[in-house]
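In the numbering used here, the protein residues as written are 33 to 395.
Each residue gets a CB set at the ideal place from its N, CA and C atoms; glycine is no exception.
Fair warning: this is a prediction, and the values are worked out from it, not measured in the lab.
Written out below as structure tokens is the structure these notes cover.
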């Protein structure tokens, strides 16, 4: 009997120990699962490290196709007036891509003059095979490029060059190429109006193998006054180097004795052969007395080509803008949907120079 009791006690103890082991094992498994889950969650929510190896995806192009040009390309006719030796094809290239170069200067702090000069030189003012086939304006080779590519003879035969879908993409990639490569870092220590240091710096950093590359860029910048576009962004004063007036207003034959009348706000009639003051008053349904008063005429004498005021139209209300810190003539034109040449004309400005607190008429 004692043996049976001892046997039962032994079995009970063994069962008890196994049960405890199971409980301990289950607890350990539970902890292990929690640790796995915890580590998994940490991986999921772990932020990306902000180190030099992290590649930030930047849009490869800038779409300005829907934007207006905020400096008038007609102003470039003034810039290049009295310069018959300039190549028209180069001037056309500058007119076409200067707005894009200005935009890149505002975004990436690369002088527009340098960008345009490189574009002119590398693309042969848009006529090179690489530009016409691949929209590559700056001769940028493939390197680690993952996009489309073309092969072209340059320093060696059949070298790989980047191909773009848009001309804007080439300009943007040029900015990214300079801004993101360490060898060009020194360029960004130079002032934005020091195009000579930028030109020499590009050569020193190995942008081109041509030893005369800086001199070629500087010659283009000075010959075509490309630094003008830098002054637009920087808000610096710029004096045009020729005798042509910036503002080209059409000649107006003013009525006798009328002084400083703005005919743009008036309803006028140009005197033709056979007209008399009386016949005009009948034709335009204006009394003879009113016609003489509007034009301050003492007699009925008029001449062919003379402009007569028929009635005064409501004068449009002018909109003014007060210049703030950081404003430039270009940024004001852009923000107010007008052009630099228009601002310069209506405010009688002869240069880009504006002062803080100055009131400008927008329209």
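Start-to-end residues for the alpha helix (DSSP H) that takes in residue 260: 259-266
For residue 356, the nearest candidate out of 307, 386, 264, 155 (CA to CA): 386
Euclidean distance between Cα positions of residue 115 and residue 316: 47 Å
Opening and closing residue of the alpha helix (DSSP H) in which residue 366 lies: 361-367
Residue 246 versus residue 252 - alpha carbon distance: 10 Å
Residue 209, enclosing beta strand (DSSP E) - first and last residue: First-last for residue 209: 199-212, but that is the alpha helix (DSSP H), not the beta strand (DSSP E).
Burial state of residue 382, where buried means 16 or more other Cβ atoms lie within 10 Å: exposed
Three or more C-beta pairs below 8 Å linking the region 133-140 and the region 157-177: no
For residue 352: DSSP bridge partner residues: 393
Residues near residue 231 in its chain [Cβ-Cβ closer than 7 Å; skip 5 each side]: 146, 246, 249, 250
Residue 159 versus residue 132: straight-line alpha-carbon distance, rounded: 18 Å
Unbroken alpha helix (DSSP H) run spanning residue 255, endpoints: 245-255
Buried or exposed by the 16-neighbour rule on C-beta atoms within 10 Å, applied to residue 189: exposed
According to DSSP, residues forming a beta bridge with residue 341: 300
Residue(s) in a DSSP beta bridge with residue 184: 191
Alpha carbon of residue 265 to alpha carbon of residue 109, nearest angstrom: 20 Å
Residue 222 Cβ short of 8 Å to the ligand COA heavy atom set: Judged by which ligands are present, the structure shown has none, so any question about the ligand COA falls away.
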